[in-house]
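Since the structure comes first, as structure tokens, the remarks are kept for the end.
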Amino acid sequence: MNVLFFGITKDIVGSSEVSFSDEFKPVNVAELKKQLIKSYPEFSKLNSLAVAVNSEYADDNVLLNGNEEIAIIPPVSGG
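Position 70, counted from 1, in the sequence shown is what this note's numbering calls 242; the numbers after and before it change by one each time, with no gaps.
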């Protein structure tokens with residue numbers, strides 16, 4: 173499972189893309205977020221985190237089968 177990172181999430185991970193092994197296949201977006209926090213504790217400091225699955229924003233209940241394109245999008249501020 174390949175996960176793409178942008179902005180501060182890329183800085184936290186130290187890479188723009190990470191492949192999770194076949195032994196870790198989250199069943200949904202919520203489980204993926206939990207694994208990211210476990211692997212990269214700095215994620216827990218973010219006040220929000222958007223996940224896109226196949227180019228569409230996904231809530232925590234969206235099911236994953238391991239073949240999706242997943243993007244982790246950090247909180248954005250602007251003026």
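C-beta: ideal position from N, C-alpha, C; glycine also.
Considering only residues of the same chain and omitting the five flanking positions on each side of F177, which have a CB-CB separation below 6 Å? V185, S188 and I244
Alpha-carbon spacing of F196 relative to L236, whole angstroms: Going from the Cα of F196 to the Cα of L236 covers about 12 Å.
By a C-beta neighbour count over all protein chains shown, 10 Å radius and 16 as the cutoff for buried, is V248 buried or exposed? Burial state of V248 is exposed, judged by a 10 Å Cβ sphere holding fewer than 16 other Cβ atoms.
Burial state of P213, where buried means 16 or more other Cβ atoms lie within 10 Å: exposed
First and last residue of the uninterrupted alpha helix (DSSP H) at S193: Counting along the chain, S193 falls outside any alpha helix (DSSP H), and DSSP gives it neither H nor E.
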